[in-house]
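A.B. asks:
There are 6 protein chains.
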Amino acid sequence: MRPSGRSLSQLRDIRFEPGFSKYAEGSCMVRFGGTHVLCTATIEEKAPPFLKGTGSGWITAEYGMLPRATHTRTDREAARGKQTGRTQEIQRLIGRSLRAVMDLKILGERQIRIDCDVIQADGGTRTTAITGSYVALYQALSSLVEKDILKQLPMTDQVAAVSCGIYEGHPVLDLDYAEDSTAEADANFVLTGRGGIVEIQATAEKSPFSEPDFHALLELAREGVDVLVGLQRKALGI
Amino acid sequence: MRPSGRSLSQLRDIRFEPGFSKYAEGSCMVRFGGTHVLCTATIEEKAPPFLKGTGSGWITAEYGMLPRATHTRTDREAARGKQTGRTQEIQRLIGRSLRAVMDLKILGERQIRIDCDVIQADGGTRTTAITGSYVALYQALSSLVEKDILKQLPMTDQVAAVSCGIYEGHPVLDLDYAEDSTAEADANFVLTGRGGIVEIQATAEKSPFSEPDFHALLELAREGVDVLVGLQRKALGI
Amino acid sequence: MRPSGRSLSQLRDIRFEPGFSKYAEGSCMVRFGGTHVLCTATIEEKAPPFLKGTGSGWITAEYGMLPRATHTRTDREAARGKQTGRTQEIQRLIGRSLRAVMDLKILGERQIRIDCDVIQADGGTRTTAITGSYVALYQALSSLVEKDILKQLPMTDQVAAVSCGIYEGHPVLDLDYAEDSTAEADANFVLTGRGGIVEIQATAEKSPFSEPDFHALLELAREGVDVLVGLQRKALGI
Amino acid sequence: MRPSGRSLSQLRDIRFEPGFSKYAEGSCMVRFGGTHVLCTATIEEKAPPFLKGTGSGWITAEYGMLPRATHTRTDREAARGKQTGRTQEIQRLIGRSLRAVMDLKILGERQIRIDCDVIQADGGTRTTAITGSYVALYQALSSLVEKDILKQLPMTDQVAAVSCGIYEGHPVLDLDYAEDSTAEADANFVLTGRGGIVEIQATAEKSPFSEPDFHALLELAREGVDVLVGLQRKALGI
Amino acid sequence: MRPSGRSLSQLRDIRFEPGFSKYAEGSCMVRFGGTHVLCTATIEEKAPPFLKGTGSGWITAEYGMLPRATHTRTDREAARGKQTGRTQEIQRLIGRSLRAVMDLKILGERQIRIDCDVIQADGGTRTTAITGSYVALYQALSSLVEKDILKQLPMTDQVAAVSCGIYEGHPVLDLDYAEDSTAEADANFVLTGRGGIVEIQATAEKSPFSEPDFHALLELAREGVDVLVGLQRKALGI
Amino acid sequence: MRPSGRSLSQLRDIRFEPGFSKYAEGSCMVRFGGTHVLCTATIEEKAPPFLKGTGSGWITAEYGMLPRATHTRTDREAARGKQTGRTQEIQRLIGRSLRAVMDLKILGERQIRIDCDVIQADGGTRTTAITGSYVALYQALSSLVEKDILKQLPMTDQVAAVSCGIYEGHPVLDLDYAEDSTAEADANFVLTGRGGIVEIQATAEKSPFSEPDFHALLELAREGVDVLVGLQRKALGI
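Residue numbers (this note's numbering), protein chains in the order written: chain A, 77 to 314; chain B, 77 to 314; chain C, 77 to 314; chain D, 77 to 314; chain E, 77 to 314; chain F, 77 to 314.
#1: Out of curiosity, what's the CA-to-CA distance linking residue 241(B) and residue 296(B)?
#2: DSSP state of residue 189(A), grouped into three classes?
#3: Just the C-alpha distance for residue 97(B) and residue 107(C), rounded to the nearest angstrom, thanks.
#4: Look at residue 87(D) and residue 249(D) and say whether their C-beta atoms are less than 9 angstroms apart.
#5: Whose C-beta lies closer than 6 angstroms to the C-beta of residue 263(A) among residues of the same chain, with five residues either side of it excluded?
#6: Of all the CB atoms in chain E, is at least one closer than 9 angstroms to the CB of residue 158(A)?
#7: For residue 140(A), decide whether its Cβ has a neighbour in chain B, counting only Cβ atoms nearer than 9 angstroms.
#8: Looking at the unbroken beta strand (DSSP E) that takes in residue 265(B), where does it start and where does it end?
#9: Quick check on residue 126(B): does DSSP put it in helix, strand or coil?
#10: Mind checking who residue 239(E) pairs with in its DSSP beta bridge?
#11: Note down the Cα distance separating residue 164(A) from residue 281(F), rounded to an integer number of angstroms.
#12: Distance check for residue 182(D) and residue 175(D), CA to CA, integer angstroms please.
#13: In the DSSP assignment, what are the bridge partners of residue 113(E)?
#14: Short of 8 angstroms Cβ to Cβ, which residues in the region 165-193 of chain D face chain F?
#15: Apart from the five residues just before and just after residue 146(F), which ones in its own chain have a Cβ nearer than 7 angstroms to its Cβ?
#16: Excluding sequence positions up to five away, which residues of its chain have a Cβ less than 6 angstroms from the Cβ of residue 66(F)?
#17: For residue 226(B), collect the residues of the same chain with a Cβ closer than 6 angstroms to its Cβ; drop the 5 residues on either side in sequence, then sort them by chain order.
#18: With a cut-off of 8 angstroms, do at least 3 Cβ pairs link the region 154-173 of chain F to the region 146-155 of chain D?
#19: Can you check whether the CB of residue 255(B) is closer than 9 angstroms to the CB of residue 265(B)?
#20: State the Cα-Cα distance for the pair residue 134(B) and residue 238(D), rounded to the nearest angstrom.
#21: Output yes if chain F places a C-beta closer than 9 angstroms to the C-beta of residue 79(D); else output no.
#22: Assign residue 314(C) to one of two classes, buried (16 or more other C-beta atoms within 10 Å of its C-beta) or exposed (fewer than that).
#23: Going straight from the alpha carbon of residue 173(C) to that of residue 284(B), what length do you get?
#24: If the cut-off is 7 angstroms on Cβ atoms, which residues from the region 96-112 of chain C count as contacting chain B, listed in chain order?
#25: Against residue 285(A), what residues of chain B qualify as contacts under a CB-to-CB distance less than 7 angstroms, listed in chain order?
#26: Closest to residue 260(A) by C-alpha separation, out of 243(A), 85(A), 252(A), would be which residue?
#27: Report yes or no: is there a C-beta of chain A within less than 9 angstroms of the C-beta of residue 289(B)?
#28: Would you kindly work out how many angstroms separate the C-alpha atoms of residue 102(E) and residue 92(E), rounded to a whole number?
#29: Within its chain, find whatever has a CB closer than 7 angstroms to the CB of residue 40(E); leave out the 5 residues flanking it on each side and keep chain order.
#30: Can you tell me the Cβ-Cβ gap for residue 236(A) and residue 301(A), rounded? I've got them flagged as a contact below 8 angstroms.
#31: Find out if the Cβ-Cβ distance for the pair residue 232(D), residue 185(D) is shorter than 9 angstroms.
#32: Enumerated in chain order, which unbroken segments of the beta strand (DSSP E) with a length of 3 residues or greater are wholly contained in the region 126-182 of chain B?
#33: Grab the span of the alpha helix (DSSP H) containing residue 314(A) for me, first residue to last.
#34: Using a 10 Å radius around the Cβ and a threshold of 16 neighbouring Cβ atoms, would you call residue 159(E) buried or exposed?
#35: Thinking C-alpha only, which one of 138(E), 119(E), 180(E) is nearest residue 162(E)?
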């Protein structure tokens, strides 16, 4: 029934390529099927001004999409001179999601900048970005532990994200573009390895949906994230 | 236990003042306790370019906050030369929420612009804005029916919104600023009069929260929205 | 003869509502008939950089208009990404007008930010804003005296403003929108309680006007401001 | 008493160099002492959108200052990415002043763009710009008459401008920078050849000033403008 | 002597991966050693306004760099709200270089947009981008011929580019970052397959250089481009 | 054969007017025929942040064009809110060219800002600007020596620039607008008094050009610059 032939609760082919970047302290090329996102983590030995003197650090994220990552070309945000509301919404979400599994006191007064750049888009770029960013962030933080700058990894849990939606009346896991563009409802779930909820964003695309539908989506997401956190660990060798 | 002395499932004092504006086709000053938002609806007899020739119309929204609506002054976005990511996120949410209860084909090729301006902020400005905008939009659409420009009201349901959160370990309804700033989790629910879900945005503020907690918040929201849609009807005399 | 039925030298219904804002150190909702402006005064314990080390303070002002304050909707400046020339002109005028009755040495190295937001516009928004800002500023400065931060009120006089114009050949006081949009000449006068001139801006709208016409406008303004400063004192209870 | 040794009612050395630009339809390098402004007039055979179909034309103006036109370097507005409030105020004033002596119906649906660029600034740049722009505009309009595009010159009067101020207690004409920077009051007068008032902008710089002082300034301005319009005619050979 | 151990006239390892993008009409991931640039070509069936009615088409280019393509992170241009002068210089160069080998009349009134995004930067990004863009452009144009939209390929020659420089006193071909950052002179050559010069940009980095030095650089470039155009043909199978 | 009647290797009428500006530390109005550029040099006793603590100074340049410097009016960059790519390219070139003949260590931690404003444009504005800026810079630096702030002039050579091109098949020196707009190739050469190359920018305008053509252009440029540096010395009296 799904355009891709997947079963209702089947993820796309998921691949993590940690250490993709030659220069970044942490990086991961993550692919959810045809959606490819390059995530890098850059360590800055200075916290943002609002944290000065608090002993705490920060994780921030930026998100971008190459102009021809999509079916038809999208205007380059740098050329337009501003980021769209969608871009800003996504990069705020990525930052919040990662901070939810951080102990920012242990990180200390430094900042990790996450950059998520969509090389190719086939639905679910924000959830792909969050899932890959965890890997890039883990790498960067590990490097601080290896260099004895930090005594322990300042992470409290794993985090991953996946989209679900109501497609032709059925709850399905991990929407691709063909499904996403016609889904009746679309939800993004950011969940932790131990089962906590970090963020839920559920949106009716055509008409309001019911609570039972919503519960079905949440259940699918839980299953999907369980697979994703396993793959993250495998990619990181932990 | 709540700073305001309210019970866990008690809304603030809610007031709708429809027809507040001398000029707008629809308007409502809405107050959720100390949060005051002026919502206006402006009818434009021209749909946005991407709908040209489709026979469908559009609802769009903008959101702003007076610089001293808050405890400490916030920079004026017009002076800074751009809207923050938060503002863009909120105005996109308001537009989506209202469109979810519209039949845009019946509206025809015209656009309604909703403006939500926060005169005073004490938590929950986005949910207050959605709830009041429904009233302003209803007024504007009614005026089109009264003038025989439309044969029927192009709305399929009522819509209202409320925030809930985990405050000192307890699920509470309709957070004010004192609660919002220290809540463990914060969720905004946009629901319809007939029980449908339009949008859910739930965010862990400090650490991930559990599914049972989430369900408690959804239940509170359902109760709150039932009250709000009743008050909307009363304000509109329908 | 006037659309509103007022006599040539009659002000509109003038109302001051000091302390309108829950948060601001000083505030006043001021209404000149259908023109409603919310003025707030925010105290900052830091002077602008160009005054550093001089012992003097500063008063600055910003001005905005809600998009649907007007008959037809005006684009939101924050969304357009810049303030219009008109807005900048007005906010510079408000700042200069208030500074003209200040002793900035007595104020010391701090800054008062005035925000004037037009909730509804029916002509004369800039003069209304100046007249109401005086009240908000007075409140804010009084609070500094009450807290013993200042030994005395750093004001040297009262200031108020009013517009006059040539309407259908007659000099009239306090133009509303119906008059303003067809007036032959339009002038804004900012005058002090003791009779000084702070600012005069007189503009021929259609064709140049004569010196005697100008003198008639100035005389009307003097009468109007005398009433306004009385109402300011009454509102402030001084 | 004046730093320049001029008498109280003496203009600076005034020079008009019409036809300064090789390309513009009208142009004038105008010098008021050390203040040098290049004014050009460009004819566009298309009125601005808001006049489409009205049969009327428009005059608009832009103003700029070379970065090192001043004692210390001023940031280049093109590099800063926006025009200051002062610049916008001045260019709006220039446009209004010229339109006040135009019959825009006779001009027809075309637009004249005036550009005033300050090559060197020594006080009074806005009044110098208005006075020189009249000459550039006259040239451009004459060329339309010569080419039989217009049957008659669409001007109803001459216009010129001059600043006056209270300097060390005395009303003086045509302030230079040394006077302007310490004057107690500063006023710009835009007057017509036949004695009409186009615009008055009077500002108290330190403390409010009196009505008699203001009248003295207006009288000086009248004398100054009478000289300036004579020099304009001489420069244009009319 | 070179940090990479290459001989003075040796190119880096050059790789072309045509058809890299799933969506673009033409694309090529091009790698000059550690410099990796994704080039895509997007066909638009509309020429830019200035060519309307001329029967001619256009090639335009945009250039960007991922924030962590470099040793230390570079600010994202979309976040800063504008493109740097360097970016604009490079994208203008890419567009000119490709147009130099086009017959824009044969292309007809359509536009090809080239996007060059640097995934990893190790010197020579602009020359790498030009060389890869030729391949992407060729693919896109071939698709128009295959679909019988064009009768023939509207290209008159091949084009490729390479940098050369004076490094520790020696002319060297194809600078990598280690060389580029300390070179005495740096030159970019855009040359055609048949030996024509399209663009030369030579810059003294520390002190002026001599004509003989310049000629040595040009000779090296000629040799390098001969290799590059051969590799382009091989990648395209032509 | 040339529109101006000049011989192939003949410069236009070249004039330097040093000390043109009343305020700038160095200035020169330079004219290459109908191209007139006002160059000023402003001394700032503070180096840019990236040089702090290095003991070195900096030369930076900005470039602008009056809106009606050209045949048809060009939009004012300050009004458009950003500088074009062309402007940025030119101002970067001017800065690099001047720095190439500076000993920035001797200059010490200060910055000279060069402003080049085109009053009238008839081709070759960037080369004219470089040639005139040298004179303005020399004046400013001399003033530092005269005041004993510097012990010696921190310049290592003279620098001047000229454009050459292939016009109707012939290499010609110093293109004016009539030639520039139809030339087959266009090259800008920045050369030093002692024969060094500072910068070469050569561009094929229609189709690629040959190496012999390029060499002919370089030879012409050498001759032209020899004349220009002589005129610079004469203007400076050195």
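All residues carry an ideal CB built from backbone N, CA and C; glycine is no exception.
C.D. replies: So, to answer that:
#1: Position 165 of the second sequence, counting from 1, holds the residue named residue 241(B). Position 220 of the second sequence, counting from 1, holds the residue named residue 296(B). So the two alpha carbons sit approximately 10 angstroms from each other.
#2: Position 113 of the first sequence, counting from 1, holds the residue named residue 189(A). Reduced to three states, the DSSP call for residue 189(A) is strand.
#3: Taking the first residue of the second sequence as 1, we reach residue 97(B) at position 21. Taking the first residue of the third sequence as 1, we reach residue 107(C) at position 31. So the alpha carbons of these two residues sit roughly 14 angstroms apart.
#4: Translated into positions along the fourth sequence, residue 87(D) becomes position 11. Translated into positions along the fourth sequence, residue 249(D) becomes position 173. Cβ atoms of residue 87(D) and residue 249(D): closer than 9 angstroms.
#5: Sequence index remark: in the first sequence, residue 263(A) carries index 187 (1-based). Counting only Cβ-Cβ distances below 6 angstroms, and skipping sequence neighbours, we find 240, 278, 293.
#6: In the first sequence, counting from the first residue as 1, residue 158(A) sits at position 82. It does: the Cβ of residue 158(A) has a partner Cβ on chain E nearer than 9 angstroms.
#7: Counting from 1 along the first sequence, the entry for residue 140(A) is found at position 64. Not an interface residue.
#8: Translated into positions along the second sequence, residue 265(B) becomes position 189. Run containing residue 265(B): 261-268, per the beta strand (DSSP E) assignment.
#9: Against the second sequence, residue 126(B) aligns to sequence position 50. Three-state result, residue 126(B): helix.
#10: On the fifth sequence, residue 239(E) is found 163 positions in, with the first residue counted as 1. 264(E).
#11: Translated into positions along the first sequence, residue 164(A) becomes position 88. Translated into positions along the sixth sequence, residue 281(F) becomes position 205. Their Cα atoms are separated by approximately 41 angstroms.
#12: As a working note, residue 175(D) is residue 99 in the fourth sequence. As a working note, residue 182(D) is residue 106 in the fourth sequence. The alpha-carbon atoms of residue 175(D) and residue 182(D) are separated by roughly 12 angstroms.
#13: Here residue 113(E) refers to the residue found at position 37 of the fifth sequence. Its beta-bridge partners are 106(E), 194(E).
#14: 189, 191, 193
#15: As a first step, residue 146(F) is located in the sixth sequence; it is residue number 70 there, counting from the start. 197, listed in sequence order.
#16: Lying before the first or after the last residue shown, residue 66(F) is absent from chain F, which here runs from 77 to 314.
#17: Indexing the second sequence from 1 puts residue 226(B) at position 150. For residue 226(B), where only same-chain residues beyond five positions count, the Cβ hits under 6 angstroms are 220.
#18: yes
#19: Translated into the one-based positions of the second sequence, residue 265(B) becomes position 189. Translated into the one-based positions of the second sequence, residue 255(B) becomes position 179. Not closer than 9 angstroms, so no.
#20: Sequence index remark: in the second sequence, residue 134(B) carries index 58 (1-based). Sequence index remark: in the fourth sequence, residue 238(D) carries index 162 (1-based). Those two C-alpha atoms are separated by around 53 angstroms.
#21: Here residue 79(D) refers to the residue found at position 3 of the fourth sequence. Closer than 9 angstroms: no.
#22: The residue labelled residue 314(C) in the question sits at position 238 within the third sequence. Exposed, by the Cβ-count rule.
#23: Counting from 1 along the third sequence, the entry for residue 173(C) is found at position 97. Counting from 1 along the second sequence, the entry for residue 284(B) is found at position 208. Using only the alpha carbons, I get a separation of about 53 angstroms.
#24: 97, 98, 99, 100, 110
#25: The count along the first sequence starts at 1 and reaches residue 285(A) at position 209. By Cβ distance, chain B contributes 272, 273.
#26: Along the first sequence, read from residue 1 onward, the residue named residue 260(A) stands at position 184. Of the candidates 243(A), 85(A), 252(A), the one whose C-alpha sits nearest the C-alpha of residue 260(A) is 243(A).
#27: Position 213 of the second sequence, counted from the start, is the residue given in the question as residue 289(B). Yes, because at least one Cβ of chain A sits closer than 9 angstroms to the Cβ of residue 289(B).
#28: Walking along the fifth sequence from the start, residue 102(E) turns up at place 26. Walking along the fifth sequence from the start, residue 92(E) turns up at place 16. Taking the straight line from one Cα to the other gives about 13 angstroms.
#29: No answer is possible for residue 40(E): it lies beyond the span of chain E, which begins at 77 and ends at 314.
#30: Start at 1 with the first residue of the first sequence, and residue 236(A) comes out as number 160. Start at 1 with the first residue of the first sequence, and residue 301(A) comes out as number 225. 5 angstroms between Cβ atoms; contact.
#31: Taking the fourth sequence and counting its residues from 1, one reaches residue 232(D) at position 156. Taking the fourth sequence and counting its residues from 1, one reaches residue 185(D) at position 109. No. Outside cutoff.
#32: 134-141
#33: For the purposes of this step, residue 314(A) is taken as residue 238 along the first sequence, with counting starting at 1. Here residue 314(A) belongs to no alpha helix (DSSP H), and DSSP marks it neither H nor E.
#34: Locating residue 159(E) in the fifth sequence gives position 83, counting from the first residue. It is buried - the Cβ of residue 159(E) has at least 16 other Cβ atoms within 10 Å.
#35: Taking the first residue of the fifth sequence as 1, we reach residue 162(E) at position 86. The option with the nearest alpha carbon to residue 162(E) is 138(E).
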